[in-house]
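Asker: Have a look at this one before I ask anything.
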Amino acid sequence: MSRTSVPAFTDPSLPPPVIPVLSSHIDLVFTPPIILSSREELVFIPAAPPTTVKLISQPAHRKSTPQPTHHPVPESSSTDNNNNMSDGASSESSLTSIESGTIKIPKPEGEAGRPGRGGYNLKAQLAWNPATFSKLKKFVHRSVKNHLDATQCKSHQRESAILLVIQEASKVFPDLDDYHGCWPVHDLMQMHLKYTSGRAQLAQ
127 MSRTSVPAFT
137 DPSLPPPVIP
147 VLSSHIDLVF
157 TPPIILSSRE
167 ELVFIPAAPP
177 TTVKLISQPA
187 HRKSTPQPTH
197 HPVPESSSTD
207 NNNNMSDGAS
217 SESSLTSIES
227 GTIKIPKPEG
237 EAGRPGRGGY
247 NLKAQLAWNP
257 ATFSKLKKFV
267 HRSVKNHLDA
277 TQCKSHQRES
287 AILLVIQEAS
297 KVFPDLDDYH
307 GCWPVHDLMQ
317 MHLKYTSGRA
327 QLAQ
């Protein structure tokens, strides 16, 4: 290997010396030659100008607030509400009528004077003051004597005469209007006529 002497000081008038470099330290790129035939022409295409891309930022879409869905009210529910209101009104009117005395006290089941045989005791059912009940009983007996035939039972009496006894008793005892059909007077007439007609038959 030959040695090359390098001067200690560089001459500024001379170009810098070439430093030997090994081929292994250099990247060699092989470019194949371009061969053109006689019929081919070189066409130079000018480079296209750079395209400017304009970015437009779009505002983010807001989610629309959902609107409440209105469902039509079926007619049946309104009808039911009206029916409920009418039922409530009717019940209130019933209570009012009871308080005002328009609802009459119904007659108990069975026959008066037969409490042990499916009937009832009239005095216990009315629950009146004993003195008042005694006065009513005596008044009906006297009215029966004046207007009815004491030898016949109640089913054989004239309706007009029975109605006259009821009217007279209702005038003297206004509380009888609270009883449906004035059944206490009917019971007193029936029991008394049953007794008087039975005695009349025995006397014959």
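Just so we're aligned, residue 127 is where the sequence shown starts under the working numbering, counting upward by one. All C-beta atoms, glycine included, are put in the ideal place defined by N, C-alpha and C. Note that the coordinates shown come from a computational prediction; the quantities given were computed from them, not determined experimentally.
For cysteine 279, tell me which candidate among Leu252, Leu302, Glu235 and Asp313 has the shortest Cα-Cα distance.
Answerer: Cysteine 279 has its Cα closest to that of Asp313, out of Leu252, Leu302, Glu235 and Asp313.
Asker: At the level of alpha carbons, what is the spacing between serine 217 and glutamine 293?
Answerer: With a pLDDT of 40 at serine 217, under the threshold of 50, the modelled position of this residue cannot be trusted; read the value that follows with caution. The alpha-carbon atoms of serine 217 and glutamine 293 are separated by roughly 32 Å.
Asker: Measure the C-alpha to C-alpha separation of glutamate 242 and histidine 273 and round it to an integer number of angstroms.
Answerer: Note that residue 242 is glycine in the sequence shown here, rather than glutamate. Their Cα atoms are separated by approximately 32 Å.
Asker: For lysine 233, which of Gly324, Leu140, Pro310 and Lys320 has the nearest alpha-carbon?
Answerer: For the residues Gly324, Leu140, Pro310 and Lys320, the minimum Cα distance to lysine 233 belongs to Pro310.
Asker: For alanine 253, does the three-state DSSP call read helix, strand or coil?
Answerer: In the structure shown, alanine 253 sits in coil (DSSP, three-state: anything other than H, G, I, E or B).
Asker: Using three-state DSSP, classify isoleucine 288 as helix, strand or coil.
Answerer: Residue state, collapsed to three classes: helix.
Asker: Which residues share a DSSP beta bridge with tyrosine 305?
Answerer: In the DSSP output, where bridge partners are listed per residue, tyrosine 305 has Ile231.
Asker: Looking at C-alpha atoms only, which residue of Glu237, Ser286 and Gln251 is the closest neighbour of glycine 245?
Answerer: It is Glu237 whose Cα lies nearest to the Cα of glycine 245.
Asker: Here's the rule: buried if 16 or more other CB atoms are within 10 angstroms of the residue's CB, otherwise exposed. What is leucine 328?
Answerer: Label assigned to leucine 328: exposed.
Asker: What three-state label does DSSP hand asparagine 210 in the structure shown?
Answerer: Note that asparagine 210 has pLDDT 47, beneath the 50 cutoff, so the model's placement of it is unreliable and the number below is only indicative. Reduced to three states, the DSSP call for asparagine 210 is helix.
Asker: Could you tell me the distance, in whole angstroms, from the CA atom of phenylalanine 299 to the CA atom of serine 260?
Answerer: Rounded to the nearest angstrom, the two C-alpha atoms are 12 Å apart.
Asker: Does the separation of the CB atoms of valine 266 and histidine 306 fall below 9 Å?
Answerer: No, the pair does not count as a contact, with Cβ atoms beyond the cut-off.
Asker: Apply the 10 Å Cβ neighbour rule to glutamine 330 and answer buried if 16 or more other Cβ atoms are within range, or exposed otherwise.
Answerer: Label assigned to glutamine 330: exposed.
Asker: If I'm right that leucine 332 touches alanine 295 with Cβ under 8 Å, what's the distance once you round it to whole angstroms?
Answerer: This structure leaves residue 332 out entirely; the chain is present only between 127 and 330.
Asker: Using C-beta distances below 7 Å, list every residue in its chain close to cysteine 113, excluding the 5 sequence neighbours before and after it, in chain order.
Answerer: Nothing can be reported for residue 113: it is not among the residues displayed for the chain, which extend from 127 to 330.
Asker: Distance check for lysine 320 and proline 256, CA to CA, integer angstroms please.
Answerer: If you take the alpha carbons of proline 256 and lysine 320, they lie about 23 Å apart.
Asker: Ordered along the chain, which non-local residues of its own chain (more than five positions away) have a Cβ less than 6 Å from that of leucine 262?
Answerer: Correct list, in chain order: Phe299.
Asker: Given glutamine 283, which residues of its chain have a CB within under 6 Å of its CB, disregarding the five upstream and five downstream residues?
Answerer: Result list for glutamine 283: Leu274, in chain order.
Asker: Given alanine 287, which residues of its chain have a CB within under 8 Å of its CB, disregarding the five upstream and five downstream residues?
Answerer: Cβ neighbours of alanine 287 beyond the five flanking positions: His273 and Leu274.
Asker: Considering Cα atoms alone, identify which of Leu140, Gly239 and Ala276 is closest to glycine 84.
Answerer: Past the edges of the chain, shown from 127 to 330, lies residue 84, and the structure says nothing about it.
Asker: DSSP state of alanine 295, grouped into three classes?
Answerer: Alanine 295 falls in the helix class under three-state DSSP.
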